[in-house]
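Below is one structure; the comments refer to it alone.
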Amino acid sequence: WDLSLPAIPARSRLYPLEPIGVGTSEVESLSSYLTRLAAEHCLSLGTLFEEMMAPLVWESNSLSTTKYSEVSLSGAARAINGMGVTAANCIQTVESLTMRTDLRWLTTMTWQGIFSTRYWLRSVRAWCPACFELWRREEQVIFEPLLWALRVVTVCPIHNRALISVCQHCRGESLPLTRKSRPGHCPKCLCWLGSMESAEQA
Numbered sequence: 001w002d003l004s005l006p007a008i009p010a011r012s013r014l015y016p017l018e019p020i021g022v023g024t025s026e027v028e029s030l031s032s033y034l035t036r037l038a039a040e041h042c043l044s045l046g047t048l049f050e051e052m053m054a055p056l057v058w059e060s061n062s063l064s065t066t067k068y069s070e071v072s073l074s075g076a077a078r079a080i081n082g083m084g085v086t087a088a089n090c091i092q093t094v095e096s097l098t099m100r101t102d103l104r105w106l107t108t109m110t111w112q113g114i115f116s117t118r119y120w121l122r123s124v125r126a127w128c129p130a131c132f133e134l135w136r137r138e139e140q141v142i143f144e145p146l147l148w149a150l151r152v153v154t155v156c157p158i159h160n161r162a163l164i165s166v167c168q169h170c171r172g173e174s175l176p177l178t179r180k181s182r183p184g185h186c187p188k189c190l191c192w193l194g195s196m197e198s199a200e201q202a
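The opening position of the sequence shown corresponds to residue 1 in this note's numbering, with each subsequent residue numbered one higher.
Structure follows, in structure tokens:
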């Protein structure tokens, strides 16, 4: 009888969801990854961030002047796909929770020190309705490429159509991340953001 304990690999606290398109021009953004990660755990993004991520971010900065109340989803929403401290903290936190090591590629960290961070990212969410509709029709994963978060990208490279930032249902804009963010849906009215008309015309 072998009574020695078997070697049990380390377990991640969250499901190590595979990011989409790493190493390609269609790599998804970190904000998109977090939205999908929350959906995989049947949690709202607000719950995932505030209950699981924020405490770890605060602990990692416990020696600084960062207050726990300042570690908020609204505070991270605009900068999470960038190349600054907020993005770095979120990457470190999510990688510790999922035990992944490739999430920095979902941000613009690659270009740190090459491009100026000023006006680099959009302040509101933008998307291509035709992409959303095509992916749903073909039963592919719904996500948001990092390209859509960049101010300099105004046209979808796949459908050659202008990206939009206003929901066609409620006519509202939204931040890249909100408590109610869901893949392919408006966080305000919760309606689907894809368009069959856009997909058919593409």
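Note that the Cβ used here is the ideal one computed from N, Cα and C, for glycine as well. Because the structure is a prediction, the values reported are computed rather than measured.
Since Q92 is in the alpha helix (DSSP H), which residue starts that stretch and which ends it?
-> Working through the sequence shown from its first residue, we reach residue 92 at position 92. Residue range 85 to 98 is occupied by the alpha helix (DSSP H) that includes Q92.
Per-residue burial, E138 [other beta carbons within 10 Å of its own, 16 or more giving buried] = For the purposes of this step, residue 138 is taken as the residue at position 138 of the sequence shown. Residue burial is scored here from C-beta neighbours: E138 has fewer than 16 other C-beta atoms within 10 angstroms and is therefore classed as exposed.
Mind listing, in chain order, the continuous beta strand (DSSP E) runs of no fewer than 3 residues lying wholly within the segment 140 to 202?
-> List check, beta strand (DSSP E) in window: nothing returned.
Can you give me the start and stop residues for the alpha helix (DSSP H) that Y33 sits inside?
-> Along the sequence shown, one-based indexing puts residue 33 at 33. Y33: member of the alpha helix (DSSP H) spanning 30 to 40, first to last residue.
Could you tell me if G184 is buried or exposed, where buried requires 16 or more neighbouring beta carbons within 10 angstroms of its beta carbon?
-> In the sequence shown, residue 184 corresponds to position 184, counting from 1. A buried status is given to G184, since no fewer than 16 other beta-carbon atoms sit within 10 Å of its beta-carbon.
Counting Cβ pairs, one atom from each stretch, are 3 or more of them under 8 Å apart for the segment 13 to 22 and the segment 38 to 55?
-> Touching, yes.
Rank P176, W135, H41, P55 by C-alpha distance to the C-alpha of H159 and give the top, closest one.
-> Residue 159 sits at position 159 when you count from the first residue of the sequence shown. Ranking P176, W135, H41, P55 by Cα distance to H159 puts W135 first.
Let me know the secondary structure DSSP gives W111 once reduced to three states.
-> Position 111 of the sequence shown, counted from the start, is the residue given in the question as residue 111. The DSSP-derived three-state label of W111 is helix.
Quick one: is T154 buried, meaning 16 or more other Cβ sit within 10 Å of its Cβ, or exposed?
-> Here residue 154 corresponds to residue number 154 of the sequence shown, with the count starting at 1. By the 10 Å Cβ count, T154 comes out exposed.
Where do the N-terminal and C-terminal ends of the alpha helix (DSSP H) with S74 fall, by residue?
-> Against the sequence shown, residue 74 aligns to sequence position 74. First-last of the alpha helix (DSSP H) with S74: 73 to 77.
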